[in-house]
Amino acid sequence: MKAAPVVAGGLGRWSSAHWPWLLVVAAWVTALTASETGWNSLVNHHELLEHSRLPWVLTLLVFLLAWQLMTAAMMLPSSIPLLRFFRQANHANQGGRGATAMFLAGYAAVWTAFAAAAFTGDTIIHRLVDESGWLSERTWLIAGSTLVIAGGFQFTPLKERCLTQCRSPFSFFVRHYRRGVRGAWNLGVSHGKYCLGCCWALMLLMFGLGVGHLVWMAGLAGIMLLERTALRGLKVVPAVGVLFLIWGGLILWHPAWLPGIMSGTLE
Numbered sequence: 001m002k003a004a005p006v007v008a009g010g011l012g013r014w015s016s017a018h019w020p021w022l023l024v025v026a027a028w029v030t031a032l033t034a035s036e037t038g039w040n041s042l043v044n045h046h047e048l049l050e051h052s053r054l055p056w057v058l059t060l061l062v063f064l065l066a067w068q069l070m071t072a073a074m075m076l077p078s079s080i081p082l083l084r085f086f087r088q089a090n091h092a093n094q095g096g097r098g099a100t101a102m103f104l105a106g107y108a109a110v111w112t113a114f115a116a117a118a119f120t121g122d123t124i125i126h127r128l129v130d131e132s133g134w135l136s137e138r139t140w141l142i143a144g145s146t147l148v149i150a151g152g153f154q155f156t157p158l159k160e161r162c163l164t165q166c167r168s169p170f171s172f173f174v175r176h177y178r179r180g181v182r183g184a185w186n187l188g189v190s191h192g193k194y195c196l197g198c199c200w201a202l203m204l205l206m207f208g209l210g211v212g213h214l215v216w217m218a219g220l221a222g223i224m225l226l227e228r229t230a231l232r233g234l235k236v237v238p239a240v241g242v243l244f245l246i247w248g249g250l251i252l253w254h255p256a257w258l259p260g261i262m263s264g265t266l267e
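Quick note: the sequence shown uses full-length UniProt numbering, first residue 1, plus one each step.
Structure below.
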């Protein structure tokens, strides 16, 4: 008779400890399913802008809802160490699940604001391309410039400062943690700001080269995870920077260096 409570307790502890990873897996499975069934247009800003019959504001709202899926799939893995510290402290202080939800909401709010700004900027660029015959014939310049921007940002002081915060989740937690729901929200927002400062240029590639493409999603998620959590993650930063600078320069020199999986998103 005692076995059932023990098993239930064990399952409860396992699910409590691993639910963030379950959420990540669910996000990737959903993204893969959407890609295989033709619904990936919901997270592809190019297709939304060109083929959606909805008003621009509603198109933006649809994209932002789908963006939460991408945030969970790409950004949550590297935030799990900090989330673990928060949940342990929240449990010790007898905080409810609402605090954890507010932490995640604050984090998501920062990335949602970035997505809205990037989507708006991308809309403007699309209109410029449509109105400029010269630019419409040279859309590869957008991809090349975005890669150069992302590569150059890898060597900036802002990248280094924000990455230092992201790579030290315990120190960050000790400095910023406060009890209560409001404290959870503020912690999520603070973490989101440093995360954005560290990774915004990499995520911008999703707009310049095609949001929603699973190859790019997986590759960029892997880079950000290595940079922020791997023991030798700091060595990844300049390597990625050099790679993107060279690649972007080659594309600016000649569009033949732009792979087909990207060129199709820029037409």
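We put the beta carbon where it would ideally sit given N, CA and C, even for glycine.
Beta-carbon proximity check, residue i vs residue j, cutoff 8 Å
{"i": "SER98", "j": "GLN154", "result": "Looking at the sequence itself, residue 98 is Gly, so the reference to Ser does not match. No, these two residues do not count as a Cβ contact at 8 Å."}
{"i": "ALA150", "j": "PHE244", "result": "yes"}
{"i": "LEU225", "j": "LEU202", "result": "no"}
{"i": "PHE114", "j": "LEU60", "result": "no"}
{"i": "ALA69", "j": "THR37", "result": "In the sequence as presented, Ala is not what sits at residue 69; that position holds Leu. Contact: no."}
{"i": "ARG228", "j": "LEU128", "result": "no"}
{"i": "VAL148", "j": "GLY248", "result": "yes"}
{"i": "LEU158", "j": "GLY197", "result": "yes"}
{"i": "ALA101", "j": "LEU23", "result": "no"}
Helix, strand or coil at residue i [DSSP, three-state]
{"i": "GLY249", "result": "helix"}
{"i": "MET74", "result": "helix"}
{"i": "ASN93", "result": "coil"}
{"i": "HIS213", "result": "coil"}
{"i": "PRO81", "result": "helix"}
{"i": "GLU137", "result": "coil"}
{"i": "ALA218", "result": "helix"}
{"i": "LEU54", "result": "coil"}
{"i": "HIS176", "result": "helix"}
{"i": "GLN154", "result": "coil"}
Alpha-carbon spacing of residue i relative to residue j, whole angstroms
{"i": "LEU252", "j": "VAL236", "result": "24 Å"}
{"i": "SER79", "j": "VAL57", "result": "30 Å"}
{"i": "ASN186", "j": "LEU250", "result": "42 Å"}
{"i": "ALA116", "j": "ILE124", "result": "13 Å"}
{"i": "ARG175", "j": "PRO169", "result": "10 Å"}
{"i": "TRP39", "j": "ALA92", "result": "42 Å"}
{"i": "ALA66", "j": "TRP134", "result": "33 Å"}
{"i": "HIS18", "j": "PRO77", "result": "11 Å"}
Proximal residues to residue i (C-beta, below 6 Å), its chain only, five neighbours per side dropped
{"i": "residue 270", "result": "Nothing in the structure corresponds to residue 270, since the chain is present only between 1 and 267."}
C-beta neighbour in chain B for residue i, strict 8 Å
{"i": "GLY180", "result": "Absent here is chain B; the protein component of the structure consists of one chain."}
Beta-carbon proximity list for residue i, same chain, < 8 Å, skipping 5 on both sides
{"i": "GLY192", "result": "GLY106, TYR107, ALA108, ALA109, VAL110, TRP111"}
{"i": "LEU32", "result": "LEU214"}
{"i": "SER136", "result": "VAL129, ASP130"}
Same chain only: Cβ atoms within 7 Å of residue i, ignoring 5 sequence neighbours per side
{"i": "PHE173", "result": "LEU82, PHE85, PHE86"}
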